[in-house]
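Numbering (the UniProt record's numbering), first residue to last: 1 to 274.
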(Lines of atoms letter the chains of each structure in order from A; the text may use other names.)
(Lines give C-alpha, C1' and ligand atoms only; values in the text may rest on other atoms or scores of the structure.)
Protein backbone atom coordinates (compact mmCIF):
# COMPACT_ATOMS: atom_id res chain seq x y z
CA UNK A 1 0.00 0.00 0.00
CA UNK A 2 2.85 2.30 0.89
CA UNK A 3 4.51 1.63 -2.47
CA UNK A 4 1.24 2.51 -4.22
CA UNK A 5 1.11 5.90 -2.52
CA UNK A 6 4.73 6.55 -3.45
CA UNK A 7 4.06 5.59 -7.07
CA UNK A 8 0.95 7.79 -7.22
CA UNK A 9 2.90 10.74 -5.86
CA UNK A 10 5.69 10.10 -8.39
CA UNK A 11 3.21 10.07 -11.29
CA UNK A 12 1.62 13.27 -10.03
CA UNK A 13 5.02 14.93 -9.65
CA UNK A 14 6.07 13.77 -13.14
CA UNK A 15 2.83 15.13 -14.69
CA UNK A 16 3.22 18.47 -12.91
CA UNK A 17 6.80 18.67 -14.11
CA UNK A 18 5.68 18.08 -17.69
CA UNK A 19 3.07 20.84 -17.39
CA UNK A 20 5.59 23.25 -15.86
CA UNK A 21 8.09 22.37 -18.58
CA UNK A 22 5.60 23.11 -21.33
CA UNK A 23 4.45 26.36 -19.71
CA UNK A 24 7.99 27.62 -19.30
CA UNK A 25 8.80 26.83 -22.93
CA UNK A 26 5.65 28.70 -24.01
CA UNK A 27 6.71 31.73 -21.96
CA UNK A 28 10.25 31.65 -23.37
CA UNK A 29 8.93 31.38 -26.92
CA UNK A 30 6.62 34.32 -26.26
CA UNK A 31 9.54 36.38 -24.96
CA UNK A 32 11.52 35.64 -28.12
CA UNK A 33 8.60 36.72 -30.31
CA UNK A 34 8.13 39.91 -28.28
CA UNK A 35 11.82 40.66 -28.78
CA UNK A 36 11.30 40.38 -32.55
CA UNK A 37 8.36 42.78 -32.39
CA UNK A 38 10.44 45.29 -30.43
CA UNK A 39 13.16 45.11 -33.10
CA UNK A 40 10.57 45.72 -35.84
CA UNK A 41 9.26 48.77 -33.99
CA UNK A 42 12.79 50.08 -33.45
CA UNK A 43 13.50 49.64 -37.17
CA UNK A 44 10.35 51.58 -38.09
CA UNK A 45 11.08 54.45 -35.72
CA UNK A 46 14.69 54.67 -36.91
CA UNK A 47 13.43 55.19 -40.50
CA UNK A 48 10.64 57.58 -39.58
CA UNK A 49 12.30 60.47 -41.48
CA UNK A 50 13.29 58.46 -44.58
CA UNK A 51 11.23 59.60 -47.61
CA UNK A 52 8.85 56.93 -48.91
CA UNK A 53 9.75 54.40 -46.21
CA UNK A 54 7.16 51.67 -45.76
CA UNK A 55 6.81 50.54 -42.14
CA UNK A 56 7.34 46.86 -41.42
CA UNK A 57 4.36 45.02 -40.00
CA UNK A 58 4.44 43.04 -36.78
CA UNK A 59 6.29 39.75 -37.05
CA UNK A 60 4.35 37.12 -38.99
CA UNK A 61 4.33 33.75 -37.23
CA UNK A 62 3.55 30.16 -38.06
CA UNK A 63 3.11 27.10 -35.86
CA UNK A 64 5.89 24.53 -35.77
CA UNK A 65 5.83 21.11 -34.12
CA UNK A 66 9.02 20.22 -32.32
CA UNK A 67 9.59 16.68 -31.09
CA UNK A 68 12.53 15.71 -28.94
CA UNK A 69 14.55 12.62 -29.68
CA UNK A 70 13.32 9.32 -28.15
CA UNK A 71 10.25 11.02 -26.66
CA UNK A 72 6.63 10.68 -27.59
CA UNK A 73 5.55 14.17 -26.57
CA UNK A 74 5.74 17.13 -28.92
CA UNK A 75 5.43 20.88 -28.42
CA UNK A 76 3.95 23.53 -30.68
CA UNK A 77 6.10 26.62 -31.14
CA UNK A 78 5.21 29.95 -32.71
CA UNK A 79 8.08 30.85 -35.01
CA UNK A 80 8.82 33.84 -37.18
CA UNK A 81 8.40 33.28 -40.91
CA UNK A 82 10.95 34.46 -43.47
CA UNK A 83 8.56 36.84 -45.27
CA UNK A 84 8.71 40.44 -44.01
CA UNK A 85 5.48 42.21 -44.92
CA UNK A 86 5.03 45.97 -44.80
CA UNK A 87 2.27 48.55 -44.67
CA UNK A 88 1.12 49.87 -48.05
CA UNK A 89 -0.55 52.95 -46.54
CA UNK A 90 0.68 56.09 -48.34
CA UNK A 91 2.63 58.72 -46.44
CA UNK A 92 1.84 62.42 -46.46
CA UNK A 93 3.13 64.46 -49.40
CA UNK A 94 5.42 67.37 -48.62
CA UNK A 95 6.00 70.16 -51.13
CA UNK A 96 9.74 70.90 -51.46
CA UNK A 97 9.90 72.81 -54.75
CA UNK A 98 13.04 70.89 -55.77
CA UNK A 99 13.17 69.70 -59.38
CA UNK A 100 14.63 66.30 -58.47
CA UNK A 101 12.19 65.56 -55.66
CA UNK A 102 9.49 63.22 -56.97
CA UNK A 103 6.58 61.58 -55.15
CA UNK A 104 4.16 58.92 -56.31
CA UNK A 105 0.53 59.89 -55.86
CA UNK A 106 -1.41 56.91 -54.55
CA UNK A 107 -0.27 53.42 -55.48
CA UNK A 108 2.86 52.57 -57.40
CA UNK A 109 6.60 51.99 -57.15
CA UNK A 110 9.85 53.09 -58.79
CA UNK A 111 12.32 50.53 -60.12
CA UNK A 112 15.80 50.71 -58.62
CA UNK A 113 19.18 49.02 -58.89
CA UNK A 114 20.33 48.64 -55.26
CA UNK A 115 23.61 50.34 -54.39
CA UNK A 116 24.55 47.33 -52.27
CA UNK A 117 24.14 44.93 -55.18
CA UNK A 118 21.61 42.18 -55.72
CA UNK A 119 18.54 41.96 -57.92
CA UNK A 120 16.55 45.00 -58.98
CA UNK A 121 13.89 46.09 -56.53
CA UNK A 122 10.95 48.45 -56.04
CA UNK A 123 10.94 51.64 -54.03
CA UNK A 124 8.84 54.64 -53.03
CA UNK A 125 11.82 56.86 -52.25
CA UNK A 126 11.87 59.96 -54.46
CA UNK A 127 14.61 62.24 -53.10
CA UNK A 128 16.61 62.01 -56.32
CA UNK A 129 20.01 63.33 -57.24
CA UNK A 130 23.12 62.47 -59.28
CA UNK A 131 26.12 60.31 -58.54
CA UNK A 132 29.64 60.98 -59.84
CA UNK A 133 28.75 59.54 -63.27
CA UNK A 134 25.54 61.56 -63.61
CA UNK A 135 23.33 58.54 -62.99
CA UNK A 136 20.02 59.34 -61.33
CA UNK A 137 20.04 57.98 -57.76
CA UNK A 138 17.83 58.25 -54.71
CA UNK A 139 18.95 59.39 -51.27
CA UNK A 140 20.37 55.95 -50.46
CA UNK A 141 22.47 55.80 -53.63
CA UNK A 142 20.22 53.32 -55.47
CA UNK A 143 20.12 53.95 -59.22
CA UNK A 144 16.71 54.75 -60.70
CA UNK A 145 15.78 52.67 -63.76
CA UNK A 146 14.03 53.54 -67.02
CA UNK A 147 11.33 51.57 -68.82
CA UNK A 148 14.01 49.26 -70.22
CA UNK A 149 15.18 48.64 -66.63
CA UNK A 150 18.50 50.33 -67.32
CA UNK A 151 20.03 53.01 -65.05
CA UNK A 152 19.11 56.56 -66.06
CA UNK A 153 22.08 58.77 -66.96
CA UNK A 154 21.39 62.43 -67.68
CA UNK A 155 23.53 65.19 -69.20
CA UNK A 156 23.94 68.52 -67.49
CA UNK A 157 20.92 70.69 -68.09
CA UNK A 158 19.65 74.13 -67.20
CA UNK A 159 16.31 72.74 -66.13
CA UNK A 160 14.69 69.34 -65.69
CA UNK A 161 10.98 68.63 -65.91
CA UNK A 162 9.51 65.31 -64.78
CA UNK A 163 6.03 64.67 -66.12
CA UNK A 164 3.45 62.76 -64.10
CA UNK A 165 3.93 59.82 -66.49
CA UNK A 166 7.64 59.63 -65.59
CA UNK A 167 8.83 61.30 -68.79
CA UNK A 168 11.95 63.41 -68.20
CA UNK A 169 12.30 66.57 -70.30
CA UNK A 170 15.57 68.51 -70.30
CA UNK A 171 16.39 72.13 -71.08
CA UNK A 172 19.98 71.74 -72.18
CA UNK A 173 22.70 74.37 -71.92
CA UNK A 174 23.17 76.16 -75.25
CA UNK A 175 19.60 75.50 -76.36
CA UNK A 176 17.08 78.36 -76.61
CA UNK A 177 15.43 79.07 -73.28
CA UNK A 178 12.20 77.11 -72.87
CA UNK A 179 13.23 74.43 -75.38
CA UNK A 180 12.74 71.00 -73.82
CA UNK A 181 14.31 67.84 -75.16
CA UNK A 182 12.67 64.51 -74.22
CA UNK A 183 14.90 62.20 -72.21
CA UNK A 184 14.45 58.82 -70.51
CA UNK A 185 11.27 57.74 -68.78
CA UNK A 186 11.32 56.80 -65.10
CA UNK A 187 9.89 53.27 -64.87
CA UNK A 188 6.95 52.76 -62.52
CA UNK A 189 4.46 50.00 -61.79
CA UNK A 190 1.32 49.51 -59.74
CA UNK A 191 2.39 45.91 -59.03
CA UNK A 192 -1.21 44.76 -59.14
CA UNK A 193 -1.95 41.14 -58.26
CA UNK A 194 1.53 40.79 -56.76
CA UNK A 195 2.30 40.07 -53.12
CA UNK A 196 5.27 42.21 -52.17
CA UNK A 197 7.59 41.84 -49.20
CA UNK A 198 10.91 43.16 -47.98
CA UNK A 199 13.96 41.04 -48.72
CA UNK A 200 16.73 40.57 -46.13
CA UNK A 201 18.52 43.61 -47.62
CA UNK A 202 15.47 45.77 -46.85
CA UNK A 203 14.39 46.30 -50.48
CA UNK A 204 10.92 45.55 -51.79
CA UNK A 205 10.52 42.56 -54.08
CA UNK A 206 7.93 39.86 -54.79
CA UNK A 207 7.11 37.71 -51.76
CA UNK A 208 7.90 34.43 -53.54
CA UNK A 209 11.60 35.23 -53.25
CA UNK A 210 12.28 34.45 -56.92
CA UNK A 211 13.33 38.02 -57.72
CA UNK A 212 10.85 38.34 -60.62
CA UNK A 213 9.46 41.87 -60.57
CA UNK A 214 6.36 43.05 -62.43
CA UNK A 215 6.95 44.81 -65.72
CA UNK A 216 6.75 48.62 -65.89
CA UNK A 217 3.22 49.74 -66.73
CA UNK A 218 3.61 53.54 -66.25
CA UNK A 219 0.22 53.75 -64.53
CA UNK A 220 1.56 55.44 -61.42
CA UNK A 221 1.30 59.23 -61.32
CA UNK A 222 4.27 61.32 -60.22
CA UNK A 223 4.39 64.73 -58.59
CA UNK A 224 7.56 66.76 -59.22
CA UNK A 225 8.72 69.04 -56.43
CA UNK A 226 7.18 66.87 -53.69
CA UNK A 227 8.35 64.12 -51.37
CA UNK A 228 6.36 61.38 -49.70
CA UNK A 229 7.05 61.08 -45.99
CA UNK A 230 7.36 57.67 -44.37
CA UNK A 231 4.09 56.07 -43.27
CA UNK A 232 5.42 55.25 -39.79
CA UNK A 233 2.94 56.21 -37.06
CA UNK A 234 5.18 57.29 -34.19
CA UNK A 235 2.39 57.28 -31.59
CA UNK A 236 1.21 53.78 -32.54
CA UNK A 237 4.82 52.55 -32.45
CA UNK A 238 5.38 53.97 -28.96
CA UNK A 239 2.14 52.43 -27.65
CA UNK A 240 3.09 49.09 -29.20
CA UNK A 241 6.49 49.26 -27.51
CA UNK A 242 4.88 49.84 -24.11
CA UNK A 243 2.47 46.91 -24.60
CA UNK A 244 5.27 44.60 -25.73
CA UNK A 245 7.40 45.51 -22.70
CA UNK A 246 4.49 44.74 -20.39
CA UNK A 247 3.90 41.37 -22.04
CA UNK A 248 7.61 40.63 -21.71
CA UNK A 249 7.49 41.43 -17.99
CA UNK A 250 4.44 39.17 -17.58
CA UNK A 251 6.30 36.28 -19.19
CA UNK A 252 9.26 36.81 -16.85
CA UNK A 253 6.92 36.78 -13.85
CA UNK A 254 5.23 33.65 -15.14
CA UNK A 255 8.56 31.82 -15.34
CA UNK A 256 9.43 32.92 -11.80
CA UNK A 257 6.04 31.73 -10.55
CA UNK A 258 6.49 28.37 -12.30
CA UNK A 259 9.84 27.98 -10.56
CA UNK A 260 8.30 28.72 -7.17
CA UNK A 261 5.52 26.18 -7.76
CA UNK A 262 8.07 23.58 -8.85
CA UNK A 263 10.20 24.16 -5.76
CA UNK A 264 7.15 23.98 -3.48
CA UNK A 265 6.10 20.71 -5.08
CA UNK A 266 9.60 19.31 -4.51
CA UNK A 267 9.39 20.23 -0.82
CA UNK A 268 6.04 18.47 -0.51
CA UNK A 269 7.51 15.34 -2.09
CA UNK A 270 10.28 15.31 0.53
CA UNK A 271 7.81 15.23 3.45
CA UNK A 272 7.98 12.00 5.53
CA UNK A 273 5.38 9.36 4.76
CA UNK A 274 2.51 9.18 7.21
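The beta carbon of each residue, even a glycine, is placed where N, CA and C say it ideally should be.
For this session: With a threshold of 16 other CB atoms inside 10 Å of the CB of residue 245, please say whether the residue is buried or exposed.
Result: exposed
For this session: Would you mind stating whether residue 204 and residue 54 have Cβ atoms separated by less than 9 Å?
Result: Yes, Cβ-Cβ distance for residue 204 and residue 54 is below 9 Å.
For this session: List the residues that DSSP assigns as beta-bridge partners of residue 95.
Result: 226
Problem set entry | Span of the beta strand (DSSP E) around residue 205 | 204 to 206
Problem set entry | Own chain, CB closer than 8 Å to residue 325, minus 5 neighbours either side, in chain order | Because residue 325 is not part of the residues shown, which for the chain are 1 to 274, the question remains open.
For this session: Decide yes or no for the touch test of the stretch 155 to 167 against the stretch 91 to 102: beta carbon pairs closer than 8 Å, at least 3 of them.
Result: Taking a cut-off of 8 Å on C-beta distances, the stretch 155 to 167 touches the stretch 91 to 102, as three or more cross pairs fall below it.
Exercise. Do the CB positions of residue 151 and residue 113 come within less than 9 Å of each other?
Worked result: yes
Problem set entry | Own chain residues within Cβ distance below 8 Å of residue 155, not counting five before or after | 134, 170, 172
Exercise. Are the Cβ atoms of residue 138 and residue 128 separated by less than 9 Å?
Worked result: Going by C-beta atoms, residue 138 is nearer than 9 Å to residue 128.
Problem set entry | beta strand (DSSP E) segment containing residue 185, residue limits | The continuous beta strand (DSSP E) containing residue 185 extends over residues 181 to 185.
Exercise. Beta-carbon separation of residue 86 and residue 196 under 9 Å?
Worked result: yes
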